[in-house]
Amino acid sequence: MLPKFSVKKPLTVFVAMILVLVLGVVSFTKMTTDLLPSMNLPYVIAYTPYPGASPEKVENTVTNPLEEVFSTVSGVENVTSISNENVSMVILEFSQDTNMDSAMIDLNGQVDLVKSKFDDTVGSTTLMKLNPDMMPIMMVSVDVDGMSQEEISTYVNDEIIPSLERIEGIASVSATGLVESQLQITLDTDKIDSLNKKIKANINSELEKNEKKIDDGISKLNKSEKELDKKSQEQISKLSEASVELESGLSQLSSAIAQIQMMDSVGDSLNPTISDAKKALNDSESKLKDFKNKLKIAEQNGLDTSILKENIASLESTIKTIKISIENAEKGLNSSSASLGQLQAQQKELKSQKKQLETVKSTLNQELTKASIKIIQGKAQLESAKQELNKSREEALKSADLSSKITPDMINSVLTAENFSMPAGYVSDDTKQYSVKVGDKFTSIDQVEDLLLMSIDGIGDIYLKDIADIKYENNVSKSYTNVNGNPGIMLSIEKTSTASTSSVCDKLNQTIDSLTDGNDKLHILSLMDQGIYINMVINSILDNLLYGGILAIIVLLVFLRSIKPTVIIAFSIPMSLLFAVVLMYFTDISLNMISLSGLSLGVGMLVDNSIVVIENIYRMRNNGVSRYKAAVYGAKQVSGAIFASTLTTICVFLPIVFTDGITKQIFTDMGLTIAYSLIASLIIALTLVPCMASKLLTSADEKEHRWFDKFVDFYETLLEKALNHKSIVLICALILLCFAGFSATRMGTAFMPDMSSTQMTATISPKEGQELTDDDLQKISDDFVKIVGKIDDVEGVGAMNGSGTMIGMSSSGSSNSMSVYIVLKEDMKHSNKEIAKMIKGDTSSLNCDISVNESTMDMGSMVGSGINIQIKGDNLDKLQDISKDMVDILKNTDGAIDIKSSLDNSEVEQRVSVNKDEAMKYGLTVAQVYQQISEKLKSETTSTTITSNSNDLAVVIKNNTSETTIKDLKLLEIKGTKNNKDAKVKLNKIATITNATTPASINHKNQTRYMTVSASVDEDHNIGLISRDIQSKIDDYNTPNGYEVELTGENETINSTMKDLVLMILLAIVFIYLIMVAQFQSLLSPFIVMFTIPLAFTGGLLGLLVTRQILSVTSMLGFLILAGIVVNNGIVFVDYVNQLRLDGVDKRTALLETGRARIRPILMTAMTTILAMSTMALGVGMGSELSQGLSIVTIGGLLYATLLTLFIVPILYDIFHRREMKKIIIDDED
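What follows is the structure, given as structure tokens:
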């Protein structure tokens, strides 16, 4: 149908071709150019910082909880984690059909569930989808003549980075080697101690004043007590004397009464009695005088005189009475009885006065006692106050100690709170509205220094500068970058996911040129440029494509010996390619080394259909058929065969849907590209070729091919002999197949072949057990840069401390290493391997380990390269023991070099084993001891950020300038309680401190710990063969129960990918067979054609053996493609035999006739494909290594299969087709 339509309407075909031409050119210019296809890998990385935490603490606090919740997320197949010092990284592998956007939402939800349980110092968990676009597209070094590292850093930050970030398509520019400044606040213990002394002196002064007041009060009380005692003694003495006088008066009155009584009994004795009375009266008056003198003394001493006065008054009255009595006695002795009564009354009154005097004495004693008690109580209160004062002195001095109050956390809180500025809202005034902004951020170091922390009575205001040293610090001593012997900066540049790598790199190079133009001192060296490599690879592939097309045209010219049919085929090549490009554009396939390799492979195959069509038209035309009829029927006659052959080639890529991982990601582009080119070639062969043939093939004269005719005759003779001796031919073919299969089992394997590049990397690190300081490593690195820079093929060398991450170079995680980037000249005279060997040889005298990566474009590194052994288990000590055994196994394996183990990065730690019983005596648990140790060892805190001179500076607060030693750790005082009182105990009293080895990182796989032992493979050995040897040794190893040893690395990826490819090949064979059944309407004819597939595999394996190539993933892909290509010739051969037999020709004649008629198109299609791939098979051009194995397999398979197809297919056809074929004719019904 299509050939007839095309011949009838040539202008329609012409218009369609113009459309294809225009759309093809536009599509080609619009397509993005990248190194690799866009890969949506089902991986997510969860990154969580935990400053100051050891690997074990990171594992327990962060990694384990995250692994537990992540494992429950739908679609997660594997959970791998790395717990390093200060950071946790969890890598999640999902199934291929997982919706990664939904998975990210689920993961964020799981993070929210556990982050509340984390310590306050644990940072936020960042989730990142893993993508090759995350890798830098360019690495450049910047150095400026005459500038120091600090000056270059400022220049790069201010000028270079902004210029690069403005480029469209740039996602980020990261700098390594920049001198970064920060504001460092170091708490000064001397300043704090000085303040403490002032505060203590002030407190002591106030306390001493109060103590003096108390002492003065006690002294006054003592004095008062003495005076009171003295006065009380005097008063008591005087009262005693008065009492004695009263007793004497009473005694005298008693005597007077007795005398009167005697006068009553003896009248004659009255006169003497009166005389005695007068004498007593005189005595009383004398005593009265004494009482008055005592009264005067008592009044002078302030004593109570009321009783004395009453007694004196009483005595005076008595004396008066005695006088009267005497007078009366003298007047009349007859009245003596009355006088006696009066004397007795006076006696009674004196007794009463005596009793009153005793009462006064008792009262005076009571008052004196009360006064004494009050004095004693006052003294006791003052003494108590003095004791309280002394006690409060200790507490006041303790609470006034600033060392416990001024901590990094306290400074951090104040700084963060004061360095604050935030909009608070809006206020309005009439018609205007104003925003309200609260606070101002710090803008200078002076403002930080003058930050008020507190005010203390007697001391005044305390500012930050009073207790800390505040200064600018930078990392210039720790930063190291050497670019061709000069200090410099490394820049890593990443693009956005949708941008074209080649286009972005071109813009970057233009910007770099504009920066360096006119500035002779500025040097920007490209250390890694994917754009250059992409352009080199693409140009190489395009050159191979052009050379392949030219060689195919030459083949046509040689076989047809006619310009016109050759022109038709030559014109069909670019049209088919442009048609394929249009299909690629509309299915979002970029121009990358994989898709272009597919196009390059398709060049040889896309002319096959046109060759078969034009050859048949050309043959019919030479047989006298008119040009229009020959164009229509010549194409129609072979349309079924070329449709089937095209379909068989395309269908080999259908099984790719059953694979997963990187195999599917990489080969999908190649498969689609080849399919598009073949579909385009089929359409072109059935439209453009018949159309052009009908216009150009005006002449029917066939030119003579004497040499070819002789070759055909020779072939016919050989074919007839082969048909007569079938067993010999089949046995020879079988022997070769067995030989090739046996050789394949001993053939080396690799994931991807080594690829040449103008960029190399190297890593400088200490030898095992060797300790090198940063200065030592820098000196060695300087020597390395100088030595390597002298090698002829080296254009530039850049080194920096630490390790980088890029294609072909993954971070080791060790900071005690140097990364070196080596740029080679584009016209280098030596291969990458030779240069790597030269570098190792020239730098062998350097006292360190040097690992050289031959190419930064090694695709194998994307999936892990070299040998990798995983040891899984729970106990770290046991894992370390097994790791040592695995290292010994690798050391005893030929070809294994650069053996490394997780133990190589082990660190010596001080392990504190707390005695729980001893700690509990102080009320301490292990967790409480840990908390106090952790707080003591915490050296610095990152606070806020201030802006100074337009630069943002991080503020770092350090506790002190001295580091804690092991001795300090042992003598660290731990606070606890004992007997319900605060107590302190030294750490070494409650814990044992010992040296122990701990890994620098702890790895998990599916929540099980594992360690790794890795090695590289030397040039003389193959990864696949060595892996088999190591696997057998691992199988013989007595692995402890509960532990597992697994060989992973590149070999695991190879085996996995090979299984996928074998599955694809088997399914492709099934599809090919079914397509041929539909084409031939026979189960037997396709079976015969299928025998060409093992023949092709034999040729492919022999090709690898002859060229000493290894069995890689790309060479396996060659077998897959070969399965689809090789049957084409068989289809064409069997289809023509069937047509002849249906026309009544006998089987043997039909076989011989088919051989003569189809040998030319069969050889032409095979030769065009072979020659089109020859440049790639020879490894011509940069990046050709990727498809070299594929091309060798295809060429070897086609050569061998084509030759044997011309014999094996006829032999098998003759064996299996014993029945006569009959044409089925169905009459048309009206």
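Here our numbering is used: the first residue of the sequence shown is 38, the next is one more, and so on. Glycine included, each C-beta is placed from N, C-alpha and C at the ideal position.
Do residue j and residue i count as a contact pair if the criterion is CB distance below 8 Å?
i            : j            : result
residue 83   : residue 135  : no
residue 713  : residue 579  : no
residue 529  : residue 70   : no
residue 815  : residue 517  : yes
residue 715  : residue 754  : no
residue 156  : residue 85   : no
residue 1046 : residue 829  : no
residue 711  : residue 701  : no
residue 721  : residue 612  : yes
residue 525  : residue 214  : yes
residue 1200 : residue 1187 : no
residue 868  : residue 935  : no
residue 616  : residue 193  : no
residue 1167 : residue 689  : no
residue 1061 : residue 1091 : yes
residue 1227 : residue 1132 : no
residue 204  : residue 544  : yes
Return the chain-ordered list of same chain residues with a C-beta closer than 7 Å to the C-beta of residue i, the five sequence neighbours on each side being excluded.
i            : result
residue 651  : 602, 605, 606, 726 and 730
residue 1267 : The predicted model places residue 1267 with a pLDDT of 40, which falls under 50 and marks its position as unreliable; any figure quoted below should be read in that light. Answer for residue 1267: no residue qualifies.
residue 1020 : 959, 1013 and 1014
residue 704  : 693 and 1154
residue 1174 : 1187, 1188, 1191 and 1250
residue 1236 : 1136 and 1207
Select from the options the residue whose C-alpha is nearest the C-alpha of residue i.
i            : options                  : result
residue 685  : 455, 877, 1108 and 98    : 1108
residue 906  : 951, 1082, 959 and 1076  : 1082
residue 188  : 168, 175 and 217         : 217
residue 1169 : 486, 504 and 680         : 680
residue 522  : 1040, 819 and 1075       : 819
residue 356  : 346, 385, 445 and 324    : 324
residue 236  : 198, 151, 1139 and 495   : 495
residue 858  : 835, 58 and 459          : 835
residue 40   : 250, 654 and 251         : 654
residue 1215 : 956, 1229, 1205 and 1203 : 1229
residue 1028 : 1018, 571 and 961        : 961
residue 658  : 671, 647 and 250         : 671
residue 27   : 174, 129, 1184 and 553   : Any question about residue 27 goes unanswered here, given that the chain covers just 38 to 1267.
Enumerate in chain order the residues of its own chain whose CB-to-CB distance from residue i is below 6 Å, with the five nearest sequence positions on each side excluded.
i            : result
residue 1249 : 1125 and 1128
residue 100  : 118, 120 and 125
residue 706  : 74, 626, 631 and 632
residue 939  : 1036, 1048 and 1049
residue 563  : 177
Tell me which residues share the same chain as residue i and place their Cβ nearer than 8 Å to its Cβ, disregarding the 5 neighbours each side in the sequence.
i            : result
residue 44   : 665, 668, 669, 727, 728 and 731
residue 1253 : 1121, 1124 and 1125
residue 81   : 128, 129, 131, 137, 140, 141, 144, 164, 165, 166 and 167
Below 8 Å on the Cβ atoms is my contact criterion, and I expect residue i with residue j to pass it. Report the Cβ-Cβ distance as a whole number of Å.
i            : j            : result
residue 1238 : residue 1163 : 5 Å
residue 186  : residue 565  : Actually they are not in contact, since the Cβ atoms of residue 186 and residue 565 sit about 22 Å apart, beyond 8 Å.
residue 676  : residue 723  : 6 Å
residue 1037 : residue 92   : 7 Å
residue 759  : residue 1244 : 5 Å
At a Cβ threshold of 8 Å, is residue i touching chain D?
i           : result
residue 623 : The structure shown contains no chain D, having only a single protein chain.
Residue ranges of each alpha helix (DSSP H) within the segment 1200-1262, 4 or longer: Runs of the alpha helix (DSSP H) inside the segment 1200-1262: 1222-1253.
Any alpha helix (DSSP H) of 4 or more consecutive residues that is wholly inside the segment 73-118: Those alpha helix (DSSP H) runs which fall completely within the segment 73-118 and span 4+ residues are 92-95 and 101-107.
4-residue-minimum alpha helix (DSSP H) runs that sit fully inside the segment 801-831, ordered along the chain: Counting only runs of 4 or more, we get 811-826.
Entirely enclosed alpha helix (DSSP H) segments - the segment 1107-1144, minimum 4 residues: Fully enclosed alpha helix (DSSP H) runs of 4 or longer: 1121-1127 and 1129-1144.
Contained beta strand (DSSP E) runs [length at least 3] in the segment 200-253, N- to C-terminal order: As far as the segment 200-253 is concerned, its whole beta strand (DSSP E) runs of at least 3 residues are 207-213 and 218-224.
Length at least 3, wholly inside the segment 157-193: the beta strand (DSSP E) runs in chain order: With a minimum length of 3 residues, the continuous beta strand (DSSP E) runs that stay inside the segment 157-193 are 163-166 and 175-181.
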